[in-house]
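Worksheet for the structure shown next.
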């Protein structure tokens, strides 16, 4: 009998409450399909192995949104290797196929399952099939065409494992499989019940809209390679954009979700949207749950300003760039560039450091900390030089810039950082949930799909873009372009791992990140008059200049995998 080894781990508070608390570390196939608690425990393992985006990986550190400020550990993108900020995220081949193997076994056994009956049993079959389809989605967006395996593999009687080897399918065939499987899975799921910790019909539709947007973009913006193992025919673009549009619209029409808009203070509202884990937050669709002490993350430690570091250090591990700050518009001016000089080129003198941000999009203040930002009862003192009696001299503020474990850019990420943590920061002490997908992305997917399908759909796209901008507290747009939609994604979904994947699917990464310098601000404190001036600067190129090359749109298949299966062809450039 095959044994399925499991570990009881975080699976959402409600699910944990239903588990038998008797220690379990080994479940048989029979136990999993006949005992609901055993099945839930095994599903928890599958969800964990799926490795949904989480706080231990900052994918947006590859983009102009974020940079690693820890000296000597800055991510480098170069011609010789795929950038890896975290090997577990980028070497997903084994992880995803492990999930696929587990689900193939369960689906084979499922007709004989007695732990659930009727509609509930169908719903779980849909959940399993969707998870498998999502694993294939992660693989195809990472590697292109890959082998499609839908049955448990059994060692041939000959004992020759090479009989199980399969070549890579064409990327078009994999996307077709993902589309059809997601659709079939959703049709099995009930429209009622479920929660934000496990896939349900509505979160599945939301994630399907994400997957189909990726496929449509690959068809529109990439080229075919390796006889179709990489890329999609351009003629497929409209099919996938329509699938994305339909999935998103079904979520919208359900009326089950809404943009979080419970606080009239726009900055406070956007911050609360991230931290409100109550049923009042109708924007939450699918999240990874964190709760002390069973499952926590290092986000508070990794983002802490210098004077708020934990005893372990690691403050300012990730820092917001000036490129990102400039993308936040002013409430009444779409040009979001900070103003350092007047019309004559003279430096502007600000009474307070924080005044340089006056009038910015409220989302900026909820997402980014900079010089003068209020934080945990203090105002951040960030400067690189100071003036004494009109003479500029070296000097660092208590919160940086440039000293070890202080910001190098002049900014910190605040989006996931708890301003009122329930305990002192220490390693993995944060318990804020990580959003995998929220309702705002569904609206953005829908708006983008309209623009990709037909420019005459602009009024429909504009409706949903303005819903998001209204919630944010900035001016509505009288007309939107595809670039406007992309810009809104860049800002609204900042630090939710979307920019990284958006740039890949639009095939603009190699343009945006070709010998790209990292921009920051250099504040100067006039100690004599207690005033501030600023100028822009580029961080040291040996650590902070980054380049992304076109072959990196597809990951390298692990060398050991290629050596073990000679049917597989490596991706170009590796």
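Numbering (the working numbering), first residue to last: 42 to 615.
In this text, a Cβ means the ideal position worked out from N, Cα and C, and glycines have one as well.
Contacts around residue i, its chain only, beta-carbon distance under 8 angstroms, and the 5 residues preceding and following it disregarded
i: residue 87; result: 140, 143, 144 and 172
i: residue 212; result: 181, 185, 186, 259, 269, 270, 271, 272 and 273
i: residue 106; result: 361, 362, 364, 365, 531, 535, 536 and 540
i: residue 611; result: 597, 598 and 603
i: residue 434; result: 426, 427 and 428
Proximity below 7 angstroms, CB of residue i to CB of residue j
i: residue 93; j: residue 477; result: yes
i: residue 304; j: residue 512; result: no
i: residue 348; j: residue 462; result: no
i: residue 450; j: residue 360; result: yes
i: residue 459; j: residue 341; result: yes
i: residue 133; j: residue 209; result: no
i: residue 481; j: residue 409; result: no
i: residue 77; j: residue 156; result: yes
i: residue 448; j: residue 357; result: yes
i: residue 425; j: residue 442; result: yes
i: residue 600; j: residue 580; result: no
i: residue 474; j: residue 330; result: yes
i: residue 452; j: residue 386; result: no
i: residue 486; j: residue 285; result: yes
i: residue 311; j: residue 247; result: no
i: residue 403; j: residue 514; result: yes
i: residue 556; j: residue 504; result: no
Among the options, nearest to residue i - alpha-carbon criterion
i: residue 596; options: 564, 73, 389 and 185; result: 185
i: residue 428; options: 606, 564, 178 and 598; result: 564
i: residue 520; options: 500, 246 and 598; result: 500
i: residue 67; options: 77, 83, 74 and 509; result: 83
i: residue 534; options: 506, 271 and 559; result: 506
i: residue 166; options: 603, 136, 74 and 111; result: 74
i: residue 343; options: 335, 353, 336 and 334; result: 353
i: residue 179; options: 135, 606 and 231; result: 135
i: residue 524; options: 538, 544 and 514; result: 544
i: residue 278; options: 585, 495, 610 and 516; result: 495
i: residue 221; options: 331, 194, 559 and 249; result: 249
i: residue 300; options: 510, 414, 548 and 554; result: 510
i: residue 229; options: 159, 566 and 518; result: 159
i: residue 189; options: 177, 196 and 276; result: 177
i: residue 585; options: 567, 554 and 594; result: 554
i: residue 350; options: 518, 372, 446 and 562; result: 446
i: residue 518; options: 373, 549 and 384; result: 373
i: residue 264; options: 607, 594 and 605; result: 594
i: residue 148; options: 508, 80 and 327; result: 80
i: residue 436; options: 606, 568 and 339; result: 568
i: residue 367; options: 191, 397 and 484; result: 397
Close-in-space but distant-in-sequence residues of the same chain around residue i (CB under 7 angstroms, 5 per side omitted)
i: residue 583; result: none
i: residue 498; result: 491 and 492
i: residue 297; result: 243
i: residue 602; result: 134 and 609
i: residue 90; result: 136, 139 and 140
i: residue 537; result: 476
i: residue 547; result: 258 and 262
i: residue 219; result: 174, 177, 178, 181 and 252
i: residue 275; result: 260 and 261
i: residue 502; result: 488, 491, 492, 521 and 526
i: residue 161; result: none
i: residue 318; result: 474
i: residue 215; result: 177, 181, 186, 187 and 189
i: residue 72; result: 79
Inter-residue CB distance, residue i and residue j (contact presumed, cutoff 8 angstroms)
i: residue 551; j: residue 591; result: 5 angstroms
i: residue 369; j: residue 532; result: 6 angstroms
i: residue 371; j: residue 400; result: 4 angstroms
Cβ shell of residue i (< 6 angstroms), same chain only, five flanking positions each side left out
i: residue 240; result: 168 and 171
i: residue 225; result: none
i: residue 232; result: 242
i: residue 129; result: Because residue 129 sits at a pLDDT of 47, beneath the cut-off of 50, its placement in the model cannot be relied upon, and the following sentence gives the value as read from the coordinates. Excluding residues within five positions, none has a Cβ falling inside 6 angstroms.
i: residue 205; result: 194
i: residue 119; result: No answer about residue 119 holds up, because its pLDDT of 35 lies below 50 and its placement is not dependable.
i: residue 542; result: none
i: residue 413; result: 393, 394, 395 and 420
i: residue 282; result: 257, 490, 493 and 494
i: residue 405; result: 369
Any C-beta of chain D under 7 angstroms from that of residue i
i: residue 165; result: Checking the listed chains, one finds no chain D in this structure; it contains a single protein chain.
Practice prompt. Taking 8 angstroms as the threshold, find out whether the stretch 462-472 comes into contact with the stretch 377-390 through three or more Cβ pairs.
Written response: Judged by pairs of C-beta atoms under 8 angstroms, the stretch 462-472 does not touch the stretch 377-390, as fewer than three such pairs exist.
Worksheet item: Counting pairs of Cβ atoms below 8 angstroms between the stretch 574-582 and the stretch 291-298, do you hit three or more?
Response: Fewer than three Cβ pairs drawn from the stretch 574-582 and the stretch 291-298 lie within less than 8 angstroms of each other, which leaves the two stretches out of contact.
Worksheet item: Per the contact definition of three or more C-beta pairs closer than 8 angstroms, is the stretch 383-394 in contact with the stretch 317-327?
Response: The stretch 317-327, when compared against the stretch 383-394, does not touch it at the 8 angstroms Cβ threshold.
Item to complete: Specify whether the stretch 249-267 and the stretch 193-202 touch according to this definition: at least 3 beta carbon pairs, one from each stretch, less than 8 angstroms apart.
Response: Fewer than three Cβ pairs drawn from the stretch 249-267 and the stretch 193-202 lie within less than 8 angstroms of each other, which leaves the two stretches out of contact.
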